[in-house]
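Residue numbers (the working numbering), protein chains in the order written: chain A, 74 to 700; chain B, 521 to 1082.
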Amino acid sequence: MNKLKSREDLSALRAKAEKRIANIKCRILICAGTGCLAGGSLKIYEKMCELCGKDTDAEIVFGPEAAHSDSDIDIQKSGCHGFCEMGPLVRIEPYNYLYIKVKAEDCEEIYNTTIKEGKPVERLLYKMDGVTYPAQEDIPFYAGQMRLVLKNCGHIGAEHIEESLAFDGYKALEKALFSMTPEEVVNVIYDSNLRGRGGGGFQTGYKWRQVARQAEKTRYVVCNGDEGDPGAFMDRSVMEGDPHKMIEGMLIAAYAVGASEGYIYVRAEYPLAVSRLKTAIAQAEEAGLIGDDILGSGFSFRLHINKGAGAFVCGEGSALTASIEGERGMPRTKPPRTVEQGLFGKPTVLNNVETYANVPLIILNGSDWYHTIGTEKSPGTKAFAVTGSINNTGLIEVPMGTSLREIIYDIGGGIKGGKEFKAVQIGGPSGGCLISTDLDDPLDFDSLSAKGAMIGSGGLVIMDEDTCMVEVARFFMNFTQNESCGKCVPCREGTMRMLEILEDIVNGRGTMEQLDLLEELGNAIKDTALCGLGKSAALPVLSTLRVFRDEYEEHVRDKKCRTGTCKALSSYVISPELCKGCSKCARNCPVGAISGQIKSPYTIDQSKCIKCGACADNCPFKAISIA
Amino acid sequence: MDYMTIDGIKVPIEGEKNILSLIRKAGIDIPTFCYHSDLSIYGACRMCMVEDERGKMFASCSEQPRPGMVIHTNTKKLQQYRKLIIELLLSSHCRDCTTCTKNGMCELQSLAYRVGVHAVRFLNKKEELPIDMSSECIVRDPNKCILCGDCVRTCAENQAVGAIDFAHRGSKMQITPAFGKQIAETDCVGCGQCAVVCPTAAISIRTNVTEVWNAIEDPNVRVVAQIAPAVRIAVGDRFNLPKGENAMGKLVKALRIMGFDEVYDTNFGADLTVIEESREFAQRLESGEKLPLFTSCCPGWVKFCETKYPEFKDNISTCRSPMGMFSPVIREYFAKKDKEEGKTTYIVAIMPCTAKKAEIHRPDNFTNGRQDTDIVITTQEIIRMIKQVGIKFDALHSEACDMPFSMASGGASIFGITGGVTEAVLRHLAPDKDHTTLENIKYSGVRGKEGMKEATVKLGDKEVKIAVVHGLKNAANLLDSIKAGTAHYDFVEVMACRRGCILGGGQPVPMGPTTRTARMNGIYEVDQLSSIRYTDENPLIDRIWDDVIKGHEHELLHRAGV
């Protein structure tokens, strides 16, 4: 590719890229997000390429007039479509068919029926309540969403800058560089009230304005791609599916605040995101969209990737910059804030992936447009990773202020197995629990923090009636305890003690005094910990303790876990009425705890029982249950 | 004037860098573990949390004072939290307080008492970690560490050594040399500044008191003490004497009561150093080789240079330290007598310094293959010995040191403070020995607490450029600029510890601003009260030179093999 030297060069290339897409007769987008790749989507890609007579490593080359060359068929590896529950996914345009749970063996039929004849393969389409949904956009999971940031995810090839350019990529950069001053860019972002999508919800424009005002002229823009919450993968999907959008956001930020260097801090556990980002940066450099004197505007920018070694705490701003500098990833005291002295002690704009990906949209459409989406104080959309006991797990994007009910029941398809909704853990291990009475309240930054929860990065773990809330609290405390950096005393020692107490409780050793101690520790950590992660470390415990105190008390006082999750508190019993005396349970018991006479009811010796559940799983008469 | 209100007290803001300083200015002793004014702000112990009017809590060490701010330092909530934090620290801490070397001096212990922690509701389930006894200077007991990081920052920020750092995360975090090595395997220079800032006994001075008592007990051993210049103005700290008071006379008396046979003043050794180092400097100036000349009195500095800046190794003076010169001279002096009486001379050096404990084992400090100084004990250890015996130190009548090493110049006595060695050498090299010369040298720029001092002095027809640095970080900066060619000196004095030996790793703690100033004044007073200010006026030197040293100058006074 020739380096683009001017705005005109870029327009010309974009025109070619758009024309190429327009000339395609049939476009096959095979999801190559982490989930679908694990489901074997690469094999589907290879098979499709073979059937269509394509080279699997084909570069995008523009022929004369950008006419699409061979056979008018285009096959792309796209990023995540979000409907991970149904993967691997294949989308075929112009029909917009979405094929679900596709296997390599299905490719021939897809090729013959759809690609050759334009007809859908019925059996691969999504069906719900007797209705078949051929078009992706009609599926309730998608129909209830508003995909702005994720618009291109799944709809463009994730490994070619030409794909991005054909779908508005770098249009906002062009606008910023050639028709806006840096101050104007900052003002638009400021006026849009774009709030940080990484958890804090801090005003992005305010950060930019502060960095732009610093006396120090060496400045950095840093992207936080260290998405560490269990069950969250919003940022990963953007980095994998539409990396140029985020890079464009960073370029605009750099232009706005006068930075000429940027870093993307991404977890090493996201190898695909790292490789897609590397590809994207290399292609943007080759195209002259990153480098010196970008498009002849005089603005220069270099972008580096830093891989995080897996410490959750490195998602905290000052720990993240310390890690990039090669220091131990530990948060430091503030002030000075990152905007004053961030990376290498210089003023730094630090935003997360989703925040940067919002920037091009706002620059292109203006801040007034942005305010038409979402709520008054939390404009725009928010991506959520929906996991747990829900029918449609996956990645969604909805306007801020959407209710949990809409997310869980309309988009998410309700609770798995028709069970009763119990709670949702929002904001990961730093967040809190929302319960059925919160279902109709709007999800936005302020209404959640009023409830002692937080939107966090957008992880939603849905829990049903079979979930033990004490065990959930223990699980999250175990996570934060392991991930505490160890710097400040309350977080280092306090979370360890809280975990010990929670372990006592789920193992039937808890006391009522310990419940008070748990609360005392939780409040102390919340008020005295050094960093944001520490301050929020106790929130899952505090919020479950508030909402589900009766469950805690049952564990402690009655030594009972109503869901049967806490093995130490449950015992397996054989119903004498249902038992036929077949001896199968006794034969399956690994510790010889079950005895009896053939054809008469068997019994379990509770002192020997290790509560593995092998007896109950193997009983042909469902005579064994947890009591 | 701007003010803020602390617990109802209106406090003027006078350029303080944090609220914590203002709180202390207001007369409230807010507790801290991890705050030291000369280290970077770490903010980990959370003891200095305060609450503002809206109930927001923050650490006062890391917050800047703003006019009109209203804060409270002792609300019920804060008291509760402080107590809980101490309880949490204690819960993971070895609680053998009664047998701990820091008993009665431990900041964790005293704060636990102060905030009223009388029970710990958690069991200590920490795996017991091995104690690191590999160093001759310090002992690391990780089981007593509260992870305040003071040692880490001292070692890295003030000393540019970085022998220890944090490893592992969360409740498994430890302070350790890299890769779990022992401290002796690192670049540790033994300066002991980590032990100075350690609030508990996680890092303590390696003690050699037992060896000294054993020697005293043995009738066939002649136990000789030599007392370094900085010991006398610090030893009284633990005996209710005014800070910085010269307690040399009382210390001499105490040593005699304890059973030392001879008590000498290391200042005599310092006078020997002045002569030899001046001679060496004059030679190098003449030849123009191996300049700048670096002083060699400080073993922490010598090791630092050897490990971190080996390219400057040959610039270090070949002179032994005052202690290192004095011991072989003492031994030589007693050689005949020892033979006649069937005794051996055992030399105990009482030093403000932990690194001296390692210096005596360096082969280049041996004479004819024999170790010269038998043992080094620090000021803290001699205090402990005096307390063991039960001597009422403050009530002692002062006595003088033994002949023939009882006299020294004032120039020798200021070896204990930064700039002192340089000042003594300049006095020695000055052609006119009058009062004006003394004053001129005093105000040449060698005195003061700045980490890096420069002076230009005229010696004969030469303009001599001098640098005086203390604190190894300052030394590292200086060496870097010499290496880069941006700085040129003829003579450089380096002391590993900030302010020199008066704040050495073996001195009694705490060493806050008042103590520092008092010790500085104390040591200069020793000089001012000396009738002999110049080394060449010391009448005993000539005698010893003729009787003992003559013909053996190199083997007794210079490092072997250099």
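Where a beta carbon is used, it is the ideal one built from N, C-alpha and C, also for glycine.
Assuming the contact rule is C-beta atoms closer than 8 Å, Gln209 (chain A) and Leu246 (chain A) should be a hit. Round their C-beta distance to whole Å, please. Residue 209 (chain A) sits at position 136 when you count from the first residue of the first sequence. Residue 246 (chain A) sits at position 173 when you count from the first residue of the first sequence. Under the criterion of beta carbons closer than 8 Å, Gln209 (chain A) and Leu246 (chain A) do not qualify as touching, at roughly 29 Å.
Residue from A:Asp202, A:Cys180, A:Gly203 and A:Met201 whose Cα sits closest to the Cα of Val194 (chain A): Position 121 of the first sequence, counted from the start, is the residue given in the question as residue 194 (chain A). When A:Asp202, A:Cys180, A:Gly203 and A:Met201 are compared, the shortest CA-CA separation from Val194 (chain A) is found for A:Cys180.
Could you tell me whether the Cβ of Tyr555 (chain B) comes closer than 8 Å to any Cβ of chain A? Locating residue 555 (chain B) in the second sequence gives position 35, where the first residue counts as 1. Chain A, which has no Cβ nearer than 8 Å to the Cβ of Tyr555 (chain B), makes this no.
Would you mind working out which of A:Leu162, A:Asp130, A:Asn96 and A:Gly126 sits nearest Asp145 (chain A), comparing C-alpha positions? By one-based count along the first sequence, residue 145 (chain A) stands at place 72. Considering only alpha carbons, the answer is A:Asn96.
Partners in chain B for Gln414 (chain A), counting only beta-carbon separations shorter than 7 Å: Taking the first sequence and counting its residues from 1, the one referred to as residue 414 (chain A) is at position 341. None at all; the shortest Cβ gap to chain B is about 12 Å.
To the nearest angstrom, how far is the alpha carbon of Thr864 (chain B) from that of Asp894 (chain B)? As a working note, residue 864 (chain B) is residue 344 in the second sequence. As a working note, residue 894 (chain B) is residue 374 in the second sequence. When the Cα atoms are used, Thr864 (chain B) and Asp894 (chain B) turn out to be separated by approximately 11 Å.
So, for Glu66 (chain A): in the same chain, excluding its five sequence neighbours on each side, which residues have a beta-carbon less than 7 Å away from its beta-carbon? The question about residue 66 (chain A) has no answer here: the residues shown for chain A are numbered 74 through 700.
Reducing DSSP to helix, strand and coil, say where Cys104 (chain A) ends up. As a position in the first sequence, residue 104 (chain A) is number 31, starting the count at 1. In the three-state scheme derived from DSSP, where H, G and I count as helix and E and B as strand, Cys104 (chain A) is classed as strand.
Cβ of Leu609 (chain B) within 8 Å of Cβ of Ile666 (chain B)? Taking the first residue of the second sequence as 1, we reach residue 609 (chain B) at position 89. Taking the first residue of the second sequence as 1, we reach residue 666 (chain B) at position 146. Contact: yes.
Three or more beta-carbon pairs under 8 Å between the region 606-616 of chain A and the region 559-576 of chain A, yes or no? yes
Listed from N- to C-terminal order along the chain, which residues in the region 589-620 of chain B have their beta-carbon within a distance smaller than 8 Å of any beta-carbon of chain A? Cβ contacts with chain A come from Lys597, Gln600, Tyr601, Leu604, Ile605, Leu608, Leu609, Ser611 and Ser612.
What first and last residue would you give for the beta strand (DSSP E) that runs through Ile658 (chain B)? Counting from one through the second sequence, the residue named residue 658 (chain B) turns up at place 138. Where Ile658 (chain B) is concerned, the enclosing beta strand (DSSP E) stretches over Ile658 to Arg660.
Please confirm whether Val543 (chain A) and Leu575 (chain A) have their CB atoms less than 8 Å apart. Stepping through the first sequence from its first residue, residue 543 (chain A) is reached at position 470. Stepping through the first sequence from its first residue, residue 575 (chain A) is reached at position 502. Yes, the pair counts as a contact, with Cβ atoms nearer than the cut-off.
Would you mind telling me which residues of chain B sit closer than 8 Å to Ala384 (chain A), beta carbon to beta carbon, in chain order? Walking along the first sequence from the start, residue 384 (chain A) turns up at place 311. The contacting residues are Arg689.
Distance CB(Val471 (chain A))-CB(Met159 (chain A)) smaller than 8 Å: Reading the first sequence from its first residue, position 398 is the one you call residue 471 (chain A). Reading the first sequence from its first residue, position 86 is the one you call residue 159 (chain A). No, they are not a contact pair.
Kindly list the residues whose CB is nearer than 8 Å to the CB of Met778 (chain B), restricted to its own chain and excluding five residues on each side of it in sequence; keep chain order. The residue labelled residue 778 (chain B) in the question sits at position 258 within the second sequence. Answer for Met778 (chain B): Ile736, Met905, Ile906, Val909 and Ile911, listed in chain order.
What is the C-beta distance between Tyr443 (chain A) and Ile435 (chain A), in whole angstroms, given that I count them as a contact (C-beta under 8 Å)? The residue labelled residue 443 (chain A) in the question sits at position 370 within the first sequence. The residue labelled residue 435 (chain A) in the question sits at position 362 within the first sequence. About 5 Å separates the two Cβ atoms, so the contact holds.
Closest by CA to Pro1033 (chain B), which one among B:Tyr1009, B:Val977, B:Lys969 and B:Ala987? Working through the second sequence from its first residue, we reach residue 1033 (chain B) at position 513. Comparing Cα positions, the closest option is B:Lys969.
Beta-carbon proximity check, Ile535 (chain A) vs Ile481 (chain A), cutoff 8 Å: Stepping through the first sequence from its first residue, residue 535 (chain A) is reached at position 462. Stepping through the first sequence from its first residue, residue 481 (chain A) is reached at position 408. A contact, by the Cβ cut-off of 8 Å.
Gln746 (chain B) versus Cys714 (chain B): straight-line alpha-carbon distance, rounded: Position 226 of the second sequence, counted from the first residue, corresponds to residue 746 (chain B). Position 194 of the second sequence, counted from the first residue, corresponds to residue 714 (chain B). One C-alpha to the other measures close to 26 Å.
Just to check my reading of the structure: His317 (chain A) and Gly227 (chain A) have Cβ atoms closer than 8 Å, yes? What is that Cβ distance to the nearest angstrom? Along the first sequence, read from residue 1 onward, the residue named residue 317 (chain A) stands at position 244. Along the first sequence, read from residue 1 onward, the residue named residue 227 (chain A) stands at position 154. With 8 Å as the limit, His317 (chain A) and Gly227 (chain A) do not qualify as a contact, their Cβ atoms being about 15 Å apart.
Starting from the N-terminal side, write out each stretch of the alpha helix (DSSP H) that is 4 residues or longer and does not extend beyond the region 475-524 of chain A. DSSP runs (the alpha helix (DSSP H)) wholly in the region 475-524 of chain A: 518-522.
Quick one: using the 10 Å Cβ neighbour count with 16 as the cut-off for buried, is Lys530 (chain B) buried or exposed? As a working note, residue 530 (chain B) is residue 10 in the second sequence. Burial call: exposed.
Since Asn760 (chain B) sits in a beta bridge, which residues does DSSP pair it with? Mapped onto the second sequence, residue 760 (chain B) falls at position 240. Paired residues: none, contrary to the question.
Under three-state DSSP, which class holds Met524 (chain B)? One-based indexing of the second sequence puts residue 524 (chain B) at position 4. Residue state, collapsed to three classes: strand.
According to DSSP, simplified to helix, strand and coil, what is Cys634 (chain A)? Here residue 634 (chain A) refers to the residue found at position 561 when the first sequence is read from its first residue. When secondary structure is reduced to three states using DSSP, Cys634 (chain A) falls in the coil class, being assigned neither helix nor strand.
Less than 7 Å between C-beta atoms, sequence neighbours within five positions excluded: which residues of the same chain meet that for Ser151 (chain A)? The residue you call residue 151 (chain A) lines up with position 78 of the first sequence. So the list reads Leu102, Ile103, Cys104, Ala105, Gly227, His228, Ile229, Gly230, Ala231 and Gly314, once near-sequence residues are dropped.
Residues that DSSP places opposite Leu171 (chain A) in a beta bridge: Taking the first residue of the first sequence as 1, we reach residue 171 (chain A) at position 98. DSSP lists A:Arg164 as the beta-bridge partner residues of Leu171 (chain A).
Using a Cβ-Cβ cutoff of 8 Å, what residues of the region 679-712 of chain B are near chain A? List them in chain order. Answer set for the region 679-712 of chain B: Asp685, Phe686, His688, Arg689, Gly690, Ser691, Lys692 and Met693.
Measuring straight from C-alpha to C-alpha, what distance separates Arg660 (chain A) and Ser668 (chain A)? In the first sequence, residue 660 (chain A) corresponds to position 587, counting from 1. In the first sequence, residue 668 (chain A) corresponds to position 595, counting from 1. For Arg660 (chain A) and Ser668 (chain A), the distance between alpha carbons rounds to 9 Å.
Whole-angstrom Cβ separation of Val945 (chain B) and Phe788 (chain B), contact assumed at under 8 Å? By one-based count along the second sequence, residue 945 (chain B) stands at place 425. By one-based count along the second sequence, residue 788 (chain B) stands at place 268. That belief does not hold up - the Cβ atoms of Val945 (chain B) and Phe788 (chain B) are roughly 16 Å apart, past 8 Å.
Since Ser557 (chain B) and Thr406 (chain A) are thought to touch, with beta carbons under 8 Å apart, how far apart are those beta carbons, to the nearest angstrom? Taking the second sequence and counting its residues from 1, the one referred to as residue 557 (chain B) is at position 37. Taking the first sequence and counting its residues from 1, the one referred to as residue 406 (chain A) is at position 333. The Cβ separation is near 15 Å, so there is no contact.
Suppose the cutoff is 8 Å on Cβ atoms and the five residues either side in sequence are ignored; what does the same chain contact list for Gly271 (chain A) look like? Along the first sequence, read from residue 1 onward, the residue named residue 271 (chain A) stands at position 198. So the qualifying residues of the chain are Asn297, Gly388, Asn424, Asn425, Glu427, Thr428 and Ser530.
Does the region 671-691 of chain A come within contact of the region 534-541 of chain B, defined as at least 3 CB pairs closer than 8 Å? no
Return yes when the Cβ of Val1029 (chain B) is within less than 8 Å of the Cβ of Phe1011 (chain B), no when it is not. Translated into the one-based positions of the second sequence, residue 1011 (chain B) becomes position 491. Translated into the one-based positions of the second sequence, residue 1029 (chain B) becomes position 509. No, Cβ-Cβ distance for Phe1011 (chain B) and Val1029 (chain B) is not below 8 Å.
Nearest-angstrom Cα separation, counted from Ala698 (chain B) out to Thr938 (chain B): Indexing the second sequence from 1 puts residue 938 (chain B) at position 418. Indexing the second sequence from 1 puts residue 698 (chain B) at position 178. Computed Cα separation, rounded: 32 Å.
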